[in-house]
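Protein chains in written order, with this note's numbering: chain Y, 1 to 529; chain G, 530 to 880.
Even for Gly, the Cβ is constructed at its ideal location relative to N, Cα and C.
Below you'll find the structure, written out as C-alpha cells, and then a few comments.
Quick look at the structure:
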C-alpha cells in the first residue's frame, strides 16, 4: 500500500481550541411542547365554555331550555336534513366519480373540474342564486337541494381520488374468481371507497350543522340559524348557549358515528411495486344517458349561480361596482384573510413540528385537540369567545378576538398543510447541514424552512381563502363598523338589495377560485397524477 | 495511534437498550466498518459520534478532544466530523456546486477552486456543477454527498449505509470509488452497514454489533476465520457449526479428525468450518478411502461461478447437513455418494 500525501490536511480546529461540553437540555423541543400545549388549551375553550355554562345555568333552567318543542323541532329539521342530504350526496358522488375516473366518458377531465368548481361559490351565495331564480324556494327540500349542490365536491374529491388510487389488479382478481362486473363493483370497489365516503360524509355533515347563511337565506331553521337569531335578539342569553350545547353534542355524535362506520379495516394496497394504470370501461350506447348526470349537476351547481349572478350584475349595471363600500370591504377582507392566515399558521407550527419530528402519545392527544376544534361550528366558537372576552379579557369586538376565532376554526387546515410541508424535508438534510458547520437554528432556517416554504404558503392560502367567505363568526365577533365582503353581502341581501350584493358575491367567488384549483390539484397529486 | 476512542458508551430509549457499554478504538487513517443486523444499535452509535444524539453514559474522544462525556456533549456543528447519510441527503434546492460548497465559508477566496478540485476527486465532470440533485443518478448523488462532506476537511468521516439504496451492480463500483477517494485524502472513516460482505470488503477493521453490544472487533480476516461465537460466525458468512471432541490439538466430528489452532480443555467443543474449507471428490477412488468421511449429495443450488451443495453426512447415527461451495464445473449429481476432505484448521467457538 503506497501512502499518498493527502490533498487536504485534516481539520486542525479541534486540536487548537478545546470544544466546550454542555448538557443538551432540548430547550427547543420543550418550548415547542409548551407552545403546542398552550394552543391546545385555547382549542379547549369552546368545549370548556359549553360545559361551564351548562353547570352554571343549573340543571333546572338547562333542562327547561333544552327539553322544549322548539328544540325538538330544530333537532328534527337538522336530522331530516342530514338524513336526506348525505345519502343523495354519496350516491351522486360515487356515480360521478366512477364516470369521470373509470369510464370513457367524453371530456372526463373537464367534468371532473366542473364537479369541484361549485366549491368556489360560498354556500350562502348558492342559496342567494336560487332565491333569485326561484323566489318561492323554502323549507326542507329546498335546503336539501342547495346543500347537495354546494357540498357535493366534499365527497366527490376523496371518492374520485380513492377510485384513481385503487389497484386494478384487485378487480382483475375478482373477475377471475368469477364475479360479474356489477358484483365486482359492489364487493371489491365499493368497500374500498368506505374510508373516502365516511370522511367526505363527515365533512358534509359537519357543514350542514354549522352553516348559517345558506339556511337563513331560504328560511329553513337549523340549530345554527336559531342560535344566531337568539344571539342577535338577546345577545348572550342562556337560551343560545344551551342550543349551542345541543349543537356541540350533535357534532360529537357525528364524529363518533364516523369512527364507528369507518372501522379498523385497512384498505392500503398490499404488496410492492407500482400499480399499473386502470383500463377505462367503455360506455358505448350508455354514453349519452351517462353524460346527463355531470351535465345536470353542472347546470344546477354552476349554471344557476352564474345565471343569477349575471342577471343581478346586469340589473345593477356599472353603478354597483362603484360603491365605496365595495373597495373598503375588499380591503378589509384581505387584511382579515392575511392576518388570520398568519395567526393560524403560526399557531399550528409547534404542533405540526412535533407531530412530524417527535411523534408520541402525548403529541397525538394534543394533535387531537387541534383537529376537533375545526369540527365545531363557527357559531359555537364565536359564542365561547364572546363569553370569555366579555367576562374575562376585555377584548370583545376586537380584531384580536376575530383572529383567534379564525385560528380555531381553520387550525386543522393549517395543520394538515404544515405537516406535509415539514414531512417533505427529511431530518437528514438538517443533520447534513449541521455536520457541515451550520448552527442548528441556522440549519433549520436555511434548509428546512426554505424547503417547506411552498407547503407553508399553500396552507396559508387555504386558510386565507376560508376566511374570505367566513360569515357566521365574523358577524358575531367583528368590531362595530367592520365590513368584509361576506358581511356586507349579507346585510345587503337582508335588505333584499340583491343587485347591490352581486359584486360582493362575484368577488368572493373570484377569491375562492384559486382554493378550488388548489384542492383539485392536491387530490390529483395525492394519487400520483 | 487511535484517532477516535469510544469507551463504556450506553444509550437507552425508554425500555429499549440501544447501546450497552460499547468500547471501540478507531486507528488514525483506518477504515472501520460497524456491522450488525437492523436494531443492533449501529446507527445510534454513529449518531452519537456525529453529535445528533446524547449518550446516557460513556465517553467519545476524537484526537484527544472529548466530544461526549455522559450527557455532556460538544455541539455537532463544531465537531469537524464529516457525515454522509443513507440517501446522500443532498439539498434539493441547491445545485451540485452549491451543495459541495455548503460547508465552505461564503467569503473564502479559494471556494470555487476547491469545489472544482473536489469534483475531480469524485470523478464527476465539471459540467455537472450546475445540475440539480434530481438530475443525478443515485451513485452520482452519493459521490456529491461525499465531496460535500470532504470540503470541510474533516478529521473523521461517517458513512451511514451510503450504498444500500443503490443497485447491486452500481453499489460495488461506488463503494470502490468512495474507498479510493477516502484513501487518497487520508481520512479516517467509519462505515455503518447491515451488509456483512460490504463490511468485510470495505474496511480494515470490522466491529460487529449485536443487541447494542460490541460482539467482536478485528480485521476482516480475523473476524471471518476466527469469530468468537456462533452468531458472529453465521452473521459474517455461511458456516458449518458442528459438535466435536477436542483432544491433543485435533477435533473429532462428523467430518473426521481435523487439526485446530487453538488449545482447549479436552472434551466437547463447538467448531466452525467455512464452506470453502470442504472439498468434494467422487467416493471410492482416492487414497485413504476407508478413513475418509463420506456423504450423500442432497441438494444443489446453482449459483453461476460458485454453487452451494448440501451434503448429508451420517455420523454416530445422526444425520448432519453440511453446506459446501464448489465450482459449477465439477458438480456431482444429487443422490451421489461423495467424499469430503477438510482443508485448513477447524476454529473452536466460544459456547
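Measuring straight from C-alpha to C-alpha, what distance separates residue i and residue j?
{"i": "residue 106 (chain Y)", "j": "residue 202 (chain Y)", "result": "31 Å"}
{"i": "residue 439 (chain Y)", "j": "residue 582 (chain G)", "result": "16 Å"}
{"i": "residue 678 (chain G)", "j": "residue 511 (chain Y)", "result": "47 Å"}
{"i": "residue 647 (chain G)", "j": "residue 449 (chain Y)", "result": "28 Å"}
{"i": "residue 333 (chain Y)", "j": "residue 456 (chain Y)", "result": "21 Å"}
{"i": "residue 854 (chain G)", "j": "residue 748 (chain G)", "result": "24 Å"}
{"i": "residue 733 (chain G)", "j": "residue 605 (chain G)", "result": "27 Å"}
{"i": "residue 573 (chain G)", "j": "residue 17 (chain Y)", "result": "27 Å"}
{"i": "residue 585 (chain G)", "j": "residue 782 (chain G)", "result": "46 Å"}
{"i": "residue 520 (chain Y)", "j": "residue 97 (chain Y)", "result": "13 Å"}
{"i": "residue 345 (chain Y)", "j": "residue 716 (chain G)", "result": "45 Å"}
{"i": "residue 660 (chain G)", "j": "residue 651 (chain G)", "result": "16 Å"}
{"i": "residue 405 (chain Y)", "j": "residue 467 (chain Y)", "result": "10 Å"}
{"i": "residue 638 (chain G)", "j": "residue 538 (chain G)", "result": "41 Å"}
{"i": "residue 181 (chain Y)", "j": "residue 279 (chain Y)", "result": "13 Å"}
{"i": "residue 408 (chain Y)", "j": "residue 31 (chain Y)", "result": "21 Å"}
{"i": "residue 552 (chain G)", "j": "residue 592 (chain G)", "result": "16 Å"}
{"i": "residue 800 (chain G)", "j": "residue 752 (chain G)", "result": "15 Å"}
{"i": "residue 663 (chain G)", "j": "residue 133 (chain Y)", "result": "54 Å"}
{"i": "residue 443 (chain Y)", "j": "residue 576 (chain G)", "result": "17 Å"}
Residues of chain G with CB closer than 7 Å to the CB of residue i, please, in chain order.
{"i": "residue 438 (chain Y)", "result": "606"}
{"i": "residue 432 (chain Y)", "result": "612, 614, 618"}
{"i": "residue 18 (chain Y)", "result": "594"}
{"i": "residue 426 (chain Y)", "result": "618"}
Taking Cβ-Cβ distances shorter than 8 Å, what residues in chain Y pair up with residue i?
{"i": "residue 598 (chain G)", "result": "21"}
Relative to the C-alpha of residue i, which residue among the options is closest?
{"i": "residue 382 (chain Y)", "options": "Y:114, Y:212, Y:60", "result": "Y:212"}
{"i": "residue 238 (chain Y)", "options": "Y:463, Y:52, Y:39", "result": "Y:52"}
{"i": "residue 511 (chain G)", "options": "G:699, G:876, G:868", "result": "This structure gives no information on residue 511 (chain G), because the portion of chain G shown stretches from 530 to 880."}
{"i": "residue 613 (chain G)", "options": "G:668, G:655, G:827", "result": "G:668"}
{"i": "residue 589 (chain G)", "options": "G:534, G:636, G:618", "result": "G:534"}
{"i": "residue 322 (chain Y)", "options": "Y:515, Y:118, Y:159, Y:500", "result": "Y:500"}
{"i": "residue 402 (chain Y)", "options": "Y:28, Y:471, Y:26, Y:55", "result": "Y:471"}
{"i": "residue 247 (chain Y)", "options": "Y:424, Y:482, Y:518, Y:72", "result": "Y:72"}
{"i": "residue 872 (chain G)", "options": "G:805, G:814, G:830", "result": "G:805"}
{"i": "residue 120 (chain Y)", "options": "Y:522, Y:134, Y:514", "result": "Y:514"}
{"i": "residue 861 (chain G)", "options": "G:840, G:844, G:546", "result": "G:840"}
{"i": "residue 309 (chain Y)", "options": "Y:64, Y:36, Y:127", "result": "Y:127"}
{"i": "residue 599 (chain G)", "options": "G:536, G:701, G:563", "result": "G:536"}
{"i": "residue 339 (chain Y)", "options": "Y:221, Y:249, Y:40, Y:400", "result": "Y:400"}
Along chain G, in chain order, which residues have C-beta atoms closer than 9 Å to that of residue i?
{"i": "residue 357 (chain Y)", "result": "Chain G residues near residue 357 (chain Y): none, gap ~13 Å exceeds 9 Å."}
{"i": "residue 385 (chain Y)", "result": "By Cβ distance, chain G contributes nothing, its closest Cβ being about 40 Å from residue 385 (chain Y), past 9 Å."}
{"i": "residue 451 (chain Y)", "result": "620, 621, 622"}
So, using beta-carbon positions, are residue i and residue j closer together than 9 Å?
{"i": "residue 644 (chain G)", "j": "residue 626 (chain G)", "result": "yes"}
{"i": "residue 230 (chain Y)", "j": "residue 240 (chain Y)", "result": "yes"}
{"i": "residue 692 (chain G)", "j": "residue 671 (chain G)", "result": "yes"}
{"i": "residue 822 (chain G)", "j": "residue 870 (chain G)", "result": "yes"}
{"i": "residue 115 (chain Y)", "j": "residue 156 (chain Y)", "result": "yes"}
{"i": "residue 460 (chain Y)", "j": "residue 489 (chain Y)", "result": "no"}
{"i": "residue 811 (chain G)", "j": "residue 759 (chain G)", "result": "no"}
{"i": "residue 103 (chain Y)", "j": "residue 283 (chain Y)", "result": "yes"}
{"i": "residue 445 (chain Y)", "j": "residue 417 (chain Y)", "result": "no"}
{"i": "residue 122 (chain Y)", "j": "residue 517 (chain Y)", "result": "no"}
{"i": "residue 348 (chain Y)", "j": "residue 414 (chain Y)", "result": "yes"}
{"i": "residue 144 (chain Y)", "j": "residue 84 (chain Y)", "result": "yes"}
May I ask you to check if the CB of residue i is nearer than 8 Å to at least one heavy atom of the ligand SAM?
{"i": "residue 385 (chain Y)", "result": "This structure does not include the ligand SAM; it has no bound ligands of any sort."}
Residue i touches chain Y at which residues, Cβ-Cβ below 7 Å?
{"i": "residue 601 (chain G)", "result": "21, 22, 23"}
{"i": "residue 595 (chain G)", "result": "21"}
{"i": "residue 583 (chain G)", "result": "24"}
{"i": "residue 632 (chain G)", "result": "436, 437"}
Determine the chain A residues that contact residue i at a beta-carbon separation under 7 Å, and present them in chain order.
{"i": "residue 429 (chain Y)", "result": "Looking at the structure shown, chain A is missing, and the protein chains on hand are Y and G."}
message: Does the structure place the stretch 712-731 of chain G close enough to the stretch 676-690 of chain G that three or more beta carbon pairs sit under 8 Å?
response: yes
field: Three-pair Cβ contact test at 8 Å for the stretch 163-183 of chain Y versus the stretch 69-84 of chain Y
entry: no
field: contact_flag[the stretch 793-808 of chain G, the stretch 765-782 of chain G] where n(CB pairs < 8 Å) is 3 or more
entry: yes
- prompt: Are the stretch 348-357 of chain Y and the stretch 371-388 of chain Y touching by the rule of at least three beta carbon pairs closer than 8 Å?
  reply: no
- request: May I ask you to verify whether the stretch 288-305 of chain Y touches the stretch 92-109 of chain Y, counting CB pairs closer than 8 Å and requiring at least 3?
  value: yes
- request: Pair every Cβ in the stretch 361-368 of chain Y with every Cβ in the stretch 536-543 of chain G, then say whether three or more of these pairs are closer than 8 Å.
  value: no
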